[in-house]
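Each residue of the sequence shown is one higher than the one before, counting from 1 in this note's numbering.
A virtual CB, placed ideally from N, CA and C, is assigned to each residue, including glycine.
Note sheet for the following structure.
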Amino acid sequence: MLFAVRRLLLALVCCFATSTGLVAAEMPRLVVVVSVDQFPARYLSLFRDQWQLDGAFQQFDQKGAWFINCHHRHAVTITAPGHACMLTGADPNRHGIIANSWYDRETGKNVNCVEDSSSPAVGSTSPGEAVSPRNLLAPTLGDNIKLSTEGKGKVFGVSWKDRAGVLMSGHAADASYWFDGSTGGWITSQYYRKDLPGYIRNYNEEGAAQAFGGKAWELSLDPAKYHLYVPDDNPYEMNPPVFGNKFPHQLPPATHPKYYDALSITPFANQLTIGAAQRLIEFEKLGQDEYPDLICIGLSANDYVGHAFGPHSLEVQEITIQTDRQLAELFRFIDEQLKGAPWTFALSSDHGVAPIPELAVKFKLPGSRNPLGNLASLKPRLEERLQRELGAPAEGRSYVDRVEPGIVYLNVSIPELAADRCAQAQQIVRAALLEMPSIAAAHTRAELLAANSGNGLFEQFRLMLHPRRSGEVLWVLAPYAILGSSTATHGSPWQYDSHVPLVFMGAGIKPGKYSARVSPAHMGPTLARVLGVDPPAAATVDPAAEAIE
C-alpha cells in the first residue's frame, strides 16, 4: 500500500511536470548494482585508450553520472567493509562489518563477516558455506525496497565471493548466490531458501564452470595496445600454481584439484557470475511488473587477478578490458529482457590497490613488505612495553590479548586494566606503535569514541571503529608498505586504496561528470531517492542530488 501511494504521488508530480513543460523522470523497474572488486578509479583513466567502442566504459562516459572524486571514508579498505558501505549508506562504525573477519573476545575465535552456523549451505556440504547477512548491523536499500512494496519487490545478490552479494543485498533479500569451489557450482544458504531454484540448478548441471577446463586466457588486443610497465614475466608476481606468470595462461583440466583456484584468477569467473545473474533476471522476471526490483552483482575475479599479478600487470589490463565488454553484454541482455522498460545501473568498488612494494622501490618510493616482521612478534613487544610502564599483571594474565592487522586488542576484563588504567594502556600501546618507523598513524578507542567528528586520518579511523567489535588501538602502515605475501594488496586509507569509481546510469539519472567529494556509501541513498523509497535507516550520507533528474 505504501509503495502504491508513493507511485500515485509520483504520477501526480509527473502530470504537473508535463503540464508545465518539464520532463519528469521515469521510475526504474529494475536497479542493477555492480561492484567490481579491487577496481581503483585510476584504472578508468590509465587504460582509457583500451576502452571498447561499444563497451560499458564508453557508455559511462557518454550517458552516466560519473563521480570522479569518490573515496571510501573508512581507514581499512578491504572487501567486506567496502561492500557493506554501498547499500547501507553507512560506514563500519555503524554497519559493523569492520573486516573480512574479526576477533570475537567472547569466543576467543575469529568470526567471518558472513558466517552463520544456523544457516547451512544449500547446494554444498561444506561447513564453511553456512552464510547469512546476520552480522551486518545496518539495513540496506534492498531491505527498504521490501518494506516499501510489502515484499513484492524482488531483491537478489550474485557474486563469486559470498560476502559481496550477501552484504550488498541485505537481510530481506529473496536470495544471494555465490560460487562454491568444492562443488564447482552456484549455491546459497538456508537463511534464504531450502533448495536451489531450477534455473540455478540447471546452470550448475550444464557444467558452465567446467567448460573452461583446458582453455587458455589470452590477450585480446594487439600487444602494442598494452602499457608495458613491467615485463609480462617478472619476479614480482606470485606465479600462481598451474597457471604461470605470463600469457597465455593455460587452465588445467576441470578435474584438476587446483582448477577452480585457477579459474577464479581469470575473466571467465566474471563471465560465469554475469551468466548466473542473467539466468536470475530472466527466470525471476526482474523488472517486469510495477514493483521495483534490485539485483546486486559482485565481480570478484578482478581482485584475485590484482593480488596475483599487481596493478601494473598485463593481466590487470586484460581483465579490465574484459570487464568493459562483459558489462556491455549485460546491458544488452537487460535491454532485451525489459523490452524498453526503464532501469537504472550503478557501479562502484570495495577498494583500490597499492603498487607492488618492490616495484615502488625501483621508483625511489618507500615501498616495503611486512616491515614489522612477523605480526605475531608484535604482541610480546607491546606486552613488554606495557609491563615496563604499568607493572606486571598477576601470574597467568597479560595486557595484550591479540594483535591483528591494524588492530590491537587488550585484555580489558582483567583487574589490572580497570577504570582509567585501560585508557592509560591504550596510550602506551599507541606511543609504542608510533615509535615504529613503518607505522604512520595509530589511534585509541577512547579518543575515537569521544569524538563526534574529525578530519583526515583521524576521521577515517573514527568511522572504522565499532564499539562492540573493534579493539583498543587502531593503526596503519605508512604509504607503499603492505602486509602479507600477495604480489599486491590493499587495506589502507591512502588514495591508491580509497579512490574508486561511482557511476550511475539510466532511468532517473542526470548524466555528467561531477567533482563533488562522495563515497560509495552515497549509492544506497541516491538509488533510494530515484526509486522513491526511504533511504537505508542507518545511512549517514545524503543522496548525491546532482545526479538525480
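Distance check for residue j and residue i, CA to CA, integer angstroms please.
i	j	result
Ser117	Val131	7 Å
Thr344	Met523	12 Å
Arg325	Leu219	14 Å
Ser126	Asp180	9 Å
Lys154	Ala277	14 Å
Ala394	Ile482	36 Å
Val533	Leu136	21 Å
Lys161	Ser300	6 Å
Pro81	Cys113	9 Å
Ala544	Gln322	29 Å
Ala488	Ser148	43 Å
Ala262	Gly306	14 Å
Thr107	Leu410	15 Å
Pro467	His83	20 Å
Met436	Gly456	21 Å
Ala308	Arg163	20 Å
Arg529	Thr188	30 Å
Gln52	Asp104	47 Å
Gly142	Gly170	6 Å
Asn100	Leu372	22 Å
Lys510	Thr77	29 Å
Glu65	Pro357	It is worth fixing the name first, because residue 65 is Ala in this sequence and not Glu. Each residue's alpha carbon lies about 34 Å from the other.
Are residue i and residue j touching if we call contact CB-CB under 8 Å?
i	j	result
Arg469	Gly96	yes
Gln337	Glu282	yes
Ala138	Thr88	yes
Cys296	Met168	yes
Gln38	Asp303	yes
Trp186	Gly165	no
Gln426	Glu459	no
Ala216	His249	yes
Pro92	Met464	yes
Leu359	His312	yes
Take the Cβ of residue i as the centre, count every other Cβ of all protein chains shown within 10 Å, and call the residue buried at 16 or more, exposed below.
i	result
Lys146	buried
Glu237	buried
Arg48	exposed
Glu315	buried
Leu527	buried
Glu318	buried
Gln495	exposed
Ala173	buried
Arg445	buried
Glu549	exposed
Ser124	buried
Tyr62	Residue 62 is actually Gln in this sequence, not Tyr. Its Cβ having fewer than 16 others within 10 Å, Gln62 is exposed.
Glu129	buried
Thr320	buried
His227	exposed
Asp293	buried
Ala418	exposed
Ser453	exposed
Between residue i and residue j, which are expected to be in contact by the criterion C-beta below 8 Å, what is the C-beta distance as a whole number of angstroms?
i	j	result
Ser519	Arg73	5 Å
Leu375	Pro405	7 Å
Tyr191	Ser119	4 Å
Phe331	Ala56	6 Å
Ser45	Ser349	So it is not a contact: roughly 14 Å between Cβ atoms.
Asp497	Gly352	5 Å
Val400	Glu416	About 12 Å; that fails the 8 Å criterion.
Val122	Asp195	6 Å
Tyr514	Ala539	In fact, because the Cβ distance is near 19 Å, the residues do not count as touching under 8 Å.
Considering only C-alpha positions, which residue in the set the options is nearest to residue i?
i	options	result
Gly214	Tyr229, Thr266, Tyr199	Thr266
Ile68	Arg325, Leu347, Asn204	Leu347
His598	Arg529, Lys510, Pro493	Absent from the model: residue 598. The displayed extent of the chain is 1 to 549, so no value can be given.
Phe461	Asp54, Ala538, Arg94	Arg94
Glu206	Gly275, Ser313, Met464	Gly275
Leu477	Ala539, Ala441, Leu299, Lys339	Ala441
Ala269	His307, Ala208, Glu329	Ala208
Thr183	Trp217, His256, Met464	His256
Tyr480	Leu228, Gly491, Leu53	Gly491
Glu290	Ala516, Gly151, Arg42	Gly151
Glu389	Arg421, Ser453, Ser368	Arg421
Gln271	Leu327, Gly310, Thr540	Leu327
Ala90	Glu546, Ala521, Asp542	Ala521
Ser377	Glu358, Ala516, Val408, Ser159	Val408
Ala507	Phe363, Thr107, Gly340, Pro197	Gly340
Asn144	Asp542, Thr540, Leu531	Leu531
Pro133	Asp195, Gly64, Ala538, Ser176	Ser176
Leu221	Pro311, Asn202, Pro241, Phe247	Phe247
Asn370	Pro536, Cys85, Gly484, Val500	Gly484
Ile428	Arg397, Leu449, Gly396, Gly391	Gly391
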